[in-house]
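Numbering (our numbering), first residue to last: 720 to 1080.
Since the structure comes first, as structure tokens, the remarks are kept for the end.
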Amino acid sequence: MVKENCGVVGIYSEGDVNVIPMVIDALRALQHRGQEAWGLAIPNKAPLKRLGLVSGSSGEFKKITEEYASHSAIGHVRYSTVGKSDLESAQPLKVKDLCIAHNGTISNVEELSNLVGGCTFTPQNASDTLVAAQRLVSLITESGKLGNALSILKNEMVGSFCFTFLSDDDAVFAARDPKGFRPMVLGHKEDGNVHIVTSESSAISAIGAKLVRDVVPGELIKISKEGGFETEMFSDEKNRAHCSFEFTYFAQPSSKMEGTNIYLARKRIGQFLAKKYPIHDADVVIPVPDSARPAALGFAQELGIQFDEGLLKDRYSKKGPLRSFIEPHQSDRIEINRWIIPIREVIEDKHVVVIDDSLVR
């Protein structure tokens, strides 16, 4: 099974403002969702892709902003657990006149590829997004509309998805899977009449826009010069299956999903943990940095135990600032965790409760 738990963004300015600086700022705000590669796409041009973090000199970003100037664009930060960490696997991808960026998991890629002529899937060169994009384009050709194509694809594809699309006629589209497994939110900025659809509200805040609402599971949004802001449903699925890992780990603490602030949700998780497994004789509660911090604070406050920082990340080492879980290789995850340093004076000779966000790896 191929897993892609990334960050996506689509921005459209009805006021004809160059949105590329906003796309870059939004991708930086989504960096915690993917640190292998990033990219952006504008109409009628090959997507820009870079390996690593969304970083560069002011001169480099100025050049990108000028060369890719557009009032409509999509972007992507990538995290994968299978497949090559190379530019070919980076997104957005372009198939014919449609660019696509994907956050989600497609577990029947081999079956789906059989529906696409000339497309093969191998674990060594995995691209579930490419297979989905090629199938989607063929369905658009057959059915005439993206909404119709998605209503068919959702039945053929096993997994979850949040897509942002960009057509060569400069329209931006966004679609969230019928069960709402991965998050997607909508924002608006008055200056330039800018619409933004993205994985998290932290990216909306990063460009100075306001959160409007969550994208409804099964909803397709279109923003274009001809129709302005349009929306339709491609699924009437009523069951929901939100990913709990978004609330415990993936999402940025300042983000808001399904009406809930992530920081407060994590803090409440710590409070629930303390009620279920109270430890009254502990001296101190410490988090494993960074995402477990709110839960540890909630645990400590619920039981009236001292909260402190007993483990710190060395953010000046090469890999210290990165997130270990979303590194693709075990050796990289070990290297990052080497730079979590204990503070001896906080924990020595004490009964310590250590709180982490999860036990996955």
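C-beta: ideal position from N, C-alpha, C; glycine also.
Leaving aside the five residues before and after residue i along the sequence, list all residues of the same chain whose C-beta is less than 6 Å from its C-beta, in chain order.
i	result
Leu-834	Arg-854
Gly-729	Ile-793, Thr-883, Val-891, Ala-893, Val-916
Ser-921	Ala-748, Gln-971, Ser-973, Ser-974
Glu-673	Any property of residue 673 remains undetermined from this structure, which presents the chain solely from 720 to 1080.
Ile-1045	Reliability fails at Ile-1045, whose pLDDT of 45 lies under 50, so the model's placement of it is uncertain and the value that follows must be treated cautiously. Tyr-798, listed in sequence order.
Asn-827	Val-877
Lys-1069	Asp-1002, Val-1003
Ser-943	Ala-890
What is the DSSP secondary structure of residue i, reduced to helix, strand or coil?
i	result
Phe-991	helix
Phe-938	Checking the sequence, you will find Glu at residue 938 rather than Phe. The answer is strand: DSSP assigns Glu-938 an E or B state.
Gln-810	coil
Ile-1074	strand
Tyr-968	helix
Ile-730	strand
Ser-799	strand
Glu-956	coil
Asp-1002	coil
Pro-766	coil
Val-774	Just to set this straight, residue 774 is Ser in the shown sequence, not Val. Three-state DSSP puts Ser-774 in coil, outside helix and strand.
Arg-901	coil
Gly-866	helix
Val-736	coil
Ala-851	helix
Lys-815	coil
When the Cα of residue i is compared with those of the options, which residue comes out closest?
i	options	result
Leu-905	Ile-926, Asp-887, Asp-889	Ile-926
Pro-740	Arg-752, Glu-755, Cys-725, Ser-774	Ser-774
Gly-899	Lys-929, Ser-1010, Ser-886, Phe-953	Phe-953
Asn-737	Leu-772, Gly-758, Glu-785, Ser-776	Glu-785
Ser-1010	Glu-807, Gly-911, Ile-1074	Ile-1074
Tyr-662	Leu-831, Arg-752, Ile-1060, Asp-910	Nothing can be reported for residue 662: it is not among the residues displayed for the chain, which extend from 720 to 1080.
Pro-1008	Pro-902, Arg-987, Ile-1059	Ile-1059
Gly-1023	Val-1072, Glu-829, Ala-960	Val-1072
Asp-816	Ser-886, Gly-947, Asp-1002	Ser-886
Ala-745	Asp-735, Gly-758, Glu-733	Gly-758
Leu-1087	Gly-947, Leu-865, Ile-1066	Outside the modelled stretch of the chain, which goes from 720 to 1080, sits residue 1087, for which no answer is possible.
Cys-725	Cys-881, Cys-818, Ile-761	Cys-881
His-821	Asp-735, Glu-830, Ala-809	Ala-809
Glu-690	Asp-1033, Asp-1027, Asp-1076, Leu-1078	Coverage of the chain is limited to positions 720 through 1080, which leaves residue 690 absent and any answer about it impossible.
Asp-1076	Pro-1061, Ala-1015, Ile-1062, Val-796	Ala-1015
Val-727	Gln-754, Leu-831, Asp-888	Gln-754
Val-935	Gly-947, Glu-951, Asn-980, Glu-945	Glu-951
Asp-735	Phe-966, Ser-791, Tyr-982, Glu-779	Ser-791
Ala-788	Ala-1019, Ile-743, Asp-910, His-999	Ile-743
Glu-945	Leu-1078, Val-796, Pro-762, Asp-888	Asp-888
Ala-984	Asn-874, Phe-964, Asp-910, Ile-783	Phe-964
For a quick check, are the C-beta atoms of residue i and residue j less than 7 Å apart?
i	j	result
Val-814	Val-850	no
Lys-941	Glu-949	yes
Pro-897	Gly-937	yes
Ile-1066	Gly-1029	yes
Ser-732	Val-1003	no
Thr-848	Leu-812	yes
Ala-765	Ile-819	no
Ala-756	Leu-770	yes
Leaving out five residues on either side along the sequence, give the residues of the same chain with a beta carbon under 7 Å from the beta carbon of residue i.
i	result
Arg-1012	Pro-1006
Lys-781	none
Leu-858	Ala-868, Ile-871, Leu-872
Cys-962	Phe-900, Arg-901
Quick one: what's got a C-beta closer than 8 Å to residue i's C-beta in the same chain, skipping five residues either side?
i	result
Arg-932	Val-904, Leu-905
Lys-929	Gly-906, His-907, Lys-908, Ile-923
His-1048	For His-1048, the pLDDT reaches just 47, beneath the cut-off of 50, and the residue's location in the model is therefore unreliable, leaving the point undetermined.
Gly-1039	Caution is warranted here: a pLDDT of 47 is assigned to Gly-1039, below 50, making its placement in the model unreliable, and the coordinate value is therefore given only provisionally. Cβ within range, chain order: Lys-1032, Asp-1033, Ile-1055, Trp-1058.
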